[in-house]
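Below you'll find the structure, written out as structure tokens, and then a few comments.
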Amino acid sequence: MALKVLVGCKRVIDYAVKIRIKPDKLGVVTEGVKHSMNPFDEIAVEEAMRMKEAKLVNEIIVVSCGPAQAMETIRTALAMGADRGIHVEIPLDQMDTFQPIHVSKVLAKLAEQEKVDIVMLGKLAIDDDSNQTAQMTASLLNWPQGVFASKIDKTDAGLEIIREVDGGLETIRTTLPAVLSADLRLNEPRYATLPNIMKAKKKKVVKMKPADLGVDMAPRIQVVSVEDPPVREAGQTVSDVDDLVAKLKDKGFSSA
Amino acid sequence: MRGLPQLLSRAKRVRVGFSASEPVLAIQAGILQPDKFTQKFVQIRGLKSSKVRSQAPLTAVDNTDSGKQLKQELEAIVGPGNVSSGESVVLQHGQDEGPHQGKSPDIVVFPSSTEEVSEICKICTKHNIPIIPYGTGTGLEGGISAVDGGVCVNVSKNMNKILQIHQEDFSAVVQPGISREMLNQEVRADGLWFPVDPGADASVCGMCATGASGTNAVRYGTMKENCLNLEVVLADGRIIHTAGIGSRPKKSSAGYNLTSLFLGSEGTLGIITSATVCLHAIPESVAAAVVGFPTVQNAVDTVVMTLQCSVPMARMELLDEVQMKACNEYSGLSYPETPHLFLEFHGSESEVESQTETVRDIAADNDGGEFQWAVQQEDRTKLWTARHRAYYADIALRPGCRSLTTDVCVPVSALPDLVTATKADIAEHGLVGPMVGHVGDGNFHTMLLFDPADPEEFRKCKEVANKMARSAIALGGTCTGEHGVGQGKMVLLEEQFGKDGIDVMRQIKGALDPQQLMNPGKVFSRN
Numbered sequence: 001m002a003l004k005v006l007v008g009c010k011r012v013i014d015y016a017v018k019i020r021i022k023p024d025k026l027g028v029v030t031e032g033v034k035h036s037m038n039p040f041d042e043i044a045v046e047e048a049m050r051m052k053e054a055k056l057v058n059e060i061i062v063v064s065c066g067p068a069q070a071m072e073t074i075r076t077a078l079a080m081g082a083d084r085g086i087h088v089e090i091p092l093d094q095m096d097t098f099q100p101i102h103v104s105k106v107l108a109k110l111a112e113q114e115k116v117d118i119v120m121l122g123k124l125a126i127d128d129d130s131n132q133t134a135q136m137t138a139s140l141l142n143w144p145q146g147v148f149a150s151k152i153d154k155t156d157a158g159l160e161i162i163r164e165v166d167g168g169l170e171t172i173r174t175t176l177p178a179v180l181s182a183d184l185r186l187n188e189p190r191y192a193t194l195p196n197i198m199k200a201k202k203k204k205v206v207k208m209k210p211a212d213l214g215v216d217m218a219p220r221i222q223v224v225s226v227e228d229p230p231v232r233e234a235g236q237t238v239s240d241v242d243d244l245v246a247k248l249k250d251k252g253f254s255s256a
Numbered sequence: 257m258r259g260l261p262q263l264l265s266r267a268k269r270v271r272v273g274f275s276a277s278e279p280v281l282a283i284q285a286g287i288l289q290p291d292k293f294t295q296k297f298v299q300i301r302g303l304k305s306s307k308v309r310s311q312a313p314l315t316a317v318d319n320t321d322s323g324k325q326l327k328q329e330l331e332a333i334v335g336p337g338n339v340s341s342g343e344s345v346v347l348q349h350g351q352d353e354g355p356h357q358g359k360s361p362d363i364v365v366f367p368s369s370t371e372e373v374s375e376i377c378k379i380c381t382k383h384n385i386p387i388i389p390y391g392t393g394t395g396l397e398g399g400i401s402a403v404d405g406g407v408c409v410n411v412s413k414n415m416n417k418i419l420q421i422h423q424e425d426f427s428a429v430v431q432p433g434i435s436r437e438m439l440n441q442e443v444r445a446d447g448l449w450f451p452v453d454p455g456a457d458a459s460v461c462g463m464c465a466t467g468a469s470g471t472n473a474v475r476y477g478t479m480k481e482n483c484l485n486l487e488v489v490l491a492d493g494r495i496i497h498t499a500g501i502g503s504r505p506k507k508s509s510a511g512y513n514l515t516s517l518f519l520g521s522e523g524t525l526g527i528i529t530s531a532t533v534c535l536h537a538i539p540e541s542v543a544a545a546v547v548g549f550p551t552v553q554n555a556v557d558t559v560v561m562t563l564q565c566s567v568p569m570a571r572m573e574l575l576d577e578v579q580m581k582a583c584n585e586y587s588g589l590s591y592p593e594t595p596h597l598f599l600e601f602h603g604s605e606s607e608v609e610s611q612t613e614t615v616r617d618i619a620a621d622n623d624g625g626e627f628q629w630a631v632q633q634e635d636r637t638k639l640w641t642a643r644h645r646a647y648y649a650d651i652a653l654r655p656g657c658r659s660l661t662t663d664v665c666v667p668v669s670a671l672p673d674l675v676t677a678t679k680a681d682i683a684e685h686g687l688v689g690p691m692v693g694h695v696g697d698g699n700f701h702t703m704l705l706f707d708p709a710d711p712e713e714f715r716k717c718k719e720v721a722n723k724m725a726r727s728a729i730a731l732g733g734t735c736t737g738e739h740g741v742g743q744g745k746m747v748l749l750e751e752q753f754g755k756d757g758i759d760v761m762r763q764i765k766g767a768l769d770p771q772q773l774m775n776p777g778k779v780f781s782r783n
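The listed protein sequences derive, respectively, from chains A and B. This note's numbering puts the first sequence at residues 1 to 256. This note's numbering puts the second sequence at residues 257 to 783.
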């Protein structure tokens with residue numbers, strides 16, 4: 001009865017970092033910049049851990065697609081309690097064209113190979129804000145999807161999920177297997193403790209390439225340009241009410 | 257807008273007079289024209305640099321030659337964008353989060369390096385101008401108030417890097433712009449944390465300056481136990497390292513303990529430009545518990561017995577019934593309105609379980625009520641949010657009021673009597689004073705609420721606070737457990753140490769700051 005979960009984790013620029021645009025205006029500076037696990041993925045790992053502690057799940061496999069540094073993200077997830085990891089290696093120079101469609105294909109393939117019951121992802125990554133991977137993965141697998149999950153419960157027939165939608169909260173029921181994506185209020189993730197960090201070093205991580213999974217890496221989207229938001233203009237101090245009224249008239253805001 | 261209430265209330269108090277600060281305030285309130293004032297000022301005081309510092313601060317900086325010269329000299333060090341004499345800027349830099357009216361400095365500078373801080377101090381020493389270090393402005397005792405005007409050195413704005421993190425050595429080196437929450441965010445991924453947590457998200461270096469402490473002190477210590485080394489700039493510009501250059505061993509017998517000297521010196525001996533602090537391992541397992549008691553005595557007895565059983569408690573916080581009511585109303589909770597203990601246990605899973613059992617039994621022996629406890633992160637956060645929002649919950653009890661927060665610390669055995677006597681005193685004076693205590697250290701705070709427009713009420717609060725501090729001293733405690741002396745407790749400090757004790761402090765100050773420029777008017781008086 002105990003389920004197997006595949007959790008996807010992405011290594012992103014840390015949320016607290018001030019983003020700078022590259023001189024070629026095709027992306028942002030990532031060199032030497034602090035990276036960490038996508039916060040929504042932390043929530044996904046935490047949810048898988050809670051299911052494991054509730055004995056609903058007996059194995060958590062964490063997967064991350066990226067360059068060599070993606071291993072740090074996998075180790076963090078292992079330190080939070082995941083059992084083993086899969087590192088899908090993407091060379092650094094291909095990261096710019098590695099897009100959600102490719103991730104979905106990788107995850108779908110792995111979900112089938114590992115025979116998992118749940119694919120658990122973060123609802124979106126804070127660098128591209130795409131919010132596509134969970135949905136596309138479900139579609140490729142032809143599995144039901146419970147995205148923007150703020151509560152997940154096991155039922156006899158499968159899962160009951162409360163989703164955060166614009167109008168409020170929506171409750172759905174799905175069968176298993178299913179693809180889920182974690183929203184902010186699903187849980188508060190635990191911190192990795194030193195003993196668990198040490199244990200994580202001994203856990204198995206398997207490396208592979210997208211080609212090994214039969215995934216074609218050709219990009220579908222081309223980034224045309226990346227630009228800073230417009231610089232805020234200086235305000236104008238007015239000396240008195242008459243001046244204010246005159247300026248408003250000049251700018252066409254007042255007809256009086 | 258921060259500072260506006262102060263500005264307006266000052267405007268009401270203006271009268272044309274010769275004392276140093278009021279004309280400054282009048283200018284700031286836009287009531288006196290700088291020209292008339294400057295003439296009068298130059299005539300009476302004479303703005304000249306001399307070894308004997310005139311009582312007058314440098315005023316109307318942009319309108320006097322010496323003021324402009326000073327600004328230029330400072331701009332040459334830090335760059336023109338990093339010097340300001342703007343009204344709102346100086347106002348903000350003279351007022352902390354306490355109830356005391358702060359005085360604005362004349363100029364604020366924003367250095368970007370220790371060397372720049374050193375050059376600034378040299379300039380101020382040359383012109384005999386007071387120097388006030390500024391971190392996050394979250395102090396409660398008026399420590400940043402520029403009583404004689406001068407130059408406020410804001411070391412947090414541009415000096416905001418974590419310089420080093422040593423995971424295996426459990427230490428980090430930070431600049432003044434790094435707050436405790438920022439440091440925690442940074443080291444979290446390595447399984448480490450920085451445990452000193454005063455209410456505000458204060459600058460770590462600022463916490464060294466005030467000798468800060470928080471809810472975890474009972475197990476992890478205060479700033480004093482968690483600081484290995486300080487880089488300090490003295491009034492004359494010399495840069496020293498209190499434990500040795502680049503030193504960060506866990507212990508040392510080398511030379512005088514200068515780290516201890518500067519820790520808690522509240523900016524009166526030098527400016528802290530970096531701090532080497534201790535980190536700790538994030539506990540494997542954490543449990544939080546809340547239990548109510550019929551009386552404060554019951555709660556405190558539970559604490560004393562728990563400590564006597566050597567339970568390694570991570571947090572023991574006492575909230576009295578007034579505080580519980582405030583928390584209920586503010587955060588929409590439904591605790592019974594009786595004194596409560598908020599507890600936290602750290603350790604391995606089995607350790608936490610057995611500690612919780614022990615304390616549950618002790619609490620029951622002392623007529624404790626329902627023992628609620630939680631292990632999940634968000635449930636624990638919920639329990640602790642009520643405690644961390646205590647201050648704002650108190651302010652919400654009487655909207656528009658402010659709080660005089662007391663801060664005495666006594667040996668734990670003396671706590672029950674002091675708390676009971678204090679509550680009686682508060683009731684006698686007709687005040688509202690919710691109580692929150694780091695009861696494991698024998699340290700507690702009362703938030704004495706007062707209407708800022710009612711000086712009589714403030715006076716009563718002061719009376720209660722002073723009486724409490726004197727009782728604490730008489731019981732073998734201290735007039736300030738963690739907030740520092742600032743301006744408000746200078747008299748109490750003298751009572752606690754006696755004349756000879758204070759004279760030694762004066763001698764040390766005289767040796768390190770002969771011109772008396774470093775944060776004047778704080779901790780103890782000149783003579």
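Backbone N, C-alpha and C fix where the C-beta goes; we use that ideal spot for every residue, glycine too.
Query - ASP153 (chain A), enclosing alpha helix (DSSP H) - first and last residue - result: On the first sequence, position 153 is the one that residue 153 (chain A) refers to. Where ASP153 (chain A) is concerned, there is no enclosing alpha helix (DSSP H), although the beta strand (DSSP E) around it starts and stops at 145-154.
Query raised in the report: Looking at chain A, which residues of the region 421-448 of chain B have a Cβ within less than 7 Å of any of its Cβ atoms?
Result: Residues passing the 7 Å Cβ filter: GLN441, ARG444, ALA445, GLY447.
Query raised in the report: Below 8 Å, can you find three or more Cβ-Cβ pairs linking the region 48-62 of chain A to the region 79-86 of chain A?
Result: Counting Cβ pairs under 8 Å, three or more are found: they touch.
Report task. Please decide whether GLN611 (chain B) counts as near chain A, where near means a Cβ-Cβ distance under 7 Å. Result -> Reading the second sequence from its first residue, position 355 is the one you call residue 611 (chain B). Cβ-Cβ to chain A under 7 Å: no for GLN611 (chain B).
Query raised in the report: Would DSSP call MET120 (chain A) helix, strand or coil?
Result: Looking up residue 120 (chain A) in the first sequence gives position 120. MET120 (chain A): strand per DSSP, three-state reduction.
**Report entry** Own chain, CB closer than 8 Å to ALA570 (chain B), minus 5 neighbours either side, in chain order
**Finding:** To locate residue 570 (chain B), count along the second sequence from 1; it is residue 314. Apart from sequence neighbours up to five positions away, the residues of its chain that approach ALA570 (chain B) with a beta-carbon distance below 8 Å are ASN472, VAL474, ARG475, TYR476, PRO539, VAL542, GLU600, PHE601, HIS602, ordered along the chain.
Query raised in the report: How long is the line joining the alpha carbons of VAL7 (chain A) and GLU46 (chain A), rounded to whole angstroms?
Result: As a working note, residue 7 (chain A) is residue 7 in the first sequence. As a working note, residue 46 (chain A) is residue 46 in the first sequence. If you draw a straight line from the Cα of VAL7 (chain A) to the Cα of GLU46 (chain A), it is about 10 Å long.
Requested in this report: Measuring alpha carbon to alpha carbon, tell me which of B:VAL443, B:GLY740, B:ARG436, B:ILE496 ends up nearest GLU371 (chain B).
Outcome: One-based indexing of the second sequence puts residue 371 (chain B) at position 115. Nearest C-alpha to GLU371 (chain B): B:ILE496.
**Report entry** Under 9 Å from the C-beta of ALA192 (chain A): neighbouring residues of chain B
**Finding:** Here residue 192 (chain A) corresponds to residue number 192 of the first sequence, with the count starting at 1. Within chain B, the residues near ALA192 (chain A) are ARG444, ALA445, ASP446, GLY447, ILE538.
Report task. Closer than 7 Å by C-beta to LYS207 (chain A): which residues in its own chain qualify, once you throw out the five before and the five after it? Chain order, please. Result -> The residue given as residue 207 (chain A) occupies position 207 in the first sequence. Exclusion of the five residues before and after LYS207 (chain A) leaves HIS87, GLU89 as the residues of its chain whose Cβ lies within less than 7 Å of its Cβ.
Query raised in the report: Is PHE450 (chain B) close to chain A, meaning its C-beta is less than 7 Å from at least one C-beta of that chain?
Result: As a working mapping, residue 450 (chain B) is identified with position 194 in the second sequence. Under the Cβ criterion of 7 Å, PHE450 (chain B) is not counted among the residues facing chain A.
**Report entry** As assigned by DSSP and simplified to three states, the class of SER590 (chain B)
**Finding:** Here residue 590 (chain B) corresponds to residue number 334 of the second sequence, with the count starting at 1. Coil at SER590 (chain B), not helix or strand.
Query raised in the report: Would you call PRO690 (chain B) buried or exposed, if buried means 16 or more other Cβ atoms sit within 10 Å of its Cβ?
Result: Taking the second sequence and counting its residues from 1, the one referred to as residue 690 (chain B) is at position 434. Burial call: buried.
Requested in this report: Ignore the nearest five residues each way along the sequence and tell me which others in GLY744 (chain B)'s own chain have a CB closer than 7 Å to its CB.
Outcome: Walking along the second sequence from the start, residue 744 (chain B) turns up at place 488. HIS356, GLU397, GLY398.
**Report entry** Residues from the region 11-39 of chain A in contact with chain B, defined by Cβ distance under 7 Å
**Finding:** From the region 11-39 of chain A, only ALA16, SER36 have a Cβ closer than 7 Å to chain B.
Requested in this report: List the DSSP bridge partners of PRO195 (chain A).
Outcome: Taking the first sequence and counting its residues from 1, one reaches residue 195 (chain A) at position 195. Looking at the DSSP assignment, PRO195 (chain A) forms no beta bridge with any residue, so it has no partner.
Requested in this report: Taking only beta-carbon positions, decide if GLU258 (chain A) is within less than 7 Å of chain B.
Outcome: With chain A running from 1 to 256 in the structure shown, residue 258 (chain A) is simply not present.
Query raised in the report: Considering only C-alpha positions, which residue in the set A:PHE253, A:GLU188, A:GLY168 is nearest to ILE43 (chain A)?
Result: Numbered from its first residue, the first sequence carries residue 43 (chain A) at position 43. The shortest C-alpha separation from ILE43 (chain A) is found at A:GLU188.
Query raised in the report: Between the region 377-396 of chain B and the region 321-329 of chain B, do at least 3 Cβ pairs fall closer than 8 Å?
Result: Yes: the two stretches touch, three or more of their Cβ pairs being nearer than 8 Å.
**Report entry** Cross-strand partners of GLY267 (chain A) (DSSP beta bridge)
**Finding:** Residue coverage of chain A in this structure runs from 1 to 256, which leaves residue 267 (chain A) outside it and unanswerable.
Query raised in the report: Under the DSSP definition of a beta bridge, which residues are partnered with TRP449 (chain B)?
Result: As a working mapping, residue 449 (chain B) is identified with position 193 in the second sequence. DSSP, once it has assigned bridges, lists B:HIS536 as partnering TRP449 (chain B).
Query - 7 Å Cβ cut-off: residues of chain A touching THR637 (chain B) - result: Locating residue 637 (chain B) in the second sequence gives position 381, where the first residue counts as 1. The answer, in chain order, is GLU188.
Query raised in the report: Quick one: is PRO770 (chain B) near chain A, going by C-beta distance under 7 Å?
Result: Counting from 1 along the second sequence, the entry for residue 770 (chain B) is found at position 514. Taking Cβ atoms only, chain A never reaches closer than 7 Å to PRO770 (chain B), which makes this a no.
Requested in this report: Could you tell me how far apart the beta carbons of ALA537 (chain B) and LEU419 (chain B) are, in whole angstroms, since I believe they sit closer than 8 Å?
Outcome: On the second sequence, position 281 is the one that residue 537 (chain B) refers to. On the second sequence, position 163 is the one that residue 419 (chain B) refers to. ALA537 (chain B) to LEU419 (chain B), Cβ: 22 Å. No contact.
Requested in this report: Residues of the region 193-207 of chain A with a CB closer than 7 Å to any CB of chain E: list them in chain order, please.
Outcome: Annotation note: the requested chain E is absent from the structure, which comprises protein chains A and B.
Query - DSSP three-state assignment for SER606 (chain B), whether helix, strand or coil - result: Here the question's residue 606 (chain B) lines up with position 350 in the second sequence. Residue state, collapsed to three classes: helix.
**Report entry** Integer-rounded CB distance, given that VAL664 (chain B) should sit under 8 Å from ALA730 (chain B)
**Finding:** Taking the first residue of the second sequence as 1, we reach residue 730 (chain B) at position 474. Taking the first residue of the second sequence as 1, we reach residue 664 (chain B) at position 408. Taking the Cβ atoms as the reference, ALA730 (chain B) lies roughly 11 Å from VAL664 (chain B), outside the contact range of under 8 Å.
Query raised in the report: Among all the DSSP beta bridges, which residues are the ones paired with ARG216 (chain B)?
Result: Nothing can be reported for residue 216 (chain B), as the shown portion of chain B is limited to 257 through 783.
**Report entry** Short Cβ contact (7 Å threshold) for LYS84 (chain A) with LYS203 (chain A)
**Finding:** Position 84 of the first sequence, counted from the start, is the residue given in the question as residue 84 (chain A). Position 203 of the first sequence, counted from the start, is the residue given in the question as residue 203 (chain A). The question names Lys, yet the displayed sequence has Arg at residue 84 (chain A). Cβ atoms of ARG84 (chain A) and LYS203 (chain A): closer than 7 Å.
Query raised in the report: Does the distance from the C-beta atom of ALA456 (chain B) to that of THR558 (chain B) stay below 7 Å?
Result: Within the second sequence, the letter at position 200 stands for residue 456 (chain B). Within the second sequence, the letter at position 302 stands for residue 558 (chain B). 7 Å or more divides the Cβ of ALA456 (chain B) from the Cβ of THR558 (chain B).
Requested in this report: Might you give, ordered along the chain, the residues of its own chain that have their beta carbon closer than 6 Å to the beta carbon of ASP117 (chain A), omitting 5 neighbours on each side?
Outcome: Position 117 of the first sequence, counted from the start, is the residue given in the question as residue 117 (chain A). Only LEU3, LYS4, LEU176, PRO177 meet the Cβ criterion.
Query raised in the report: Is it buried or exposed for ASP242 (chain A), if we count other Cβ within 10 angstroms and need 16 for buried?
Result: As a first step, residue 242 (chain A) is located in the first sequence; it is residue number 242 there, counting from the start. ASP242 (chain A) should be labelled exposed.
Query raised in the report: For GLU585 (chain B), which residues in chain A fall below 8 Å Cβ to Cβ?
Result: Here the question's residue 585 (chain B) lines up with position 329 in the second sequence. Residues of chain A passing the Cβ test: none, with the nearest at roughly 24 Å.
Query raised in the report: Counting only runs that start and end within the region 3-68 of chain A, where is the alpha helix (DSSP H) found for 4 or more residues in a row?
Result: Fully enclosed alpha helix (DSSP H) runs of 4 or longer: 39-53.
**Report entry** For LEU180 (chain A), the residue or residues it bridges with in DSSP
**Finding:** Taking the first sequence and counting its residues from 1, one reaches residue 180 (chain A) at position 180. Note: LEU180 (chain A) sits in a beta bridge opposite A:MET120, A:GLY146.
Query raised in the report: By the criterion of Cβ-Cβ separation under 9 Å, what are the contact partners of THR76 (chain A) in chain B?
Result: As a first step, residue 76 (chain A) is located in the first sequence; it is residue number 76 there, counting from the start. Residues of chain B passing the Cβ test: ALA445.
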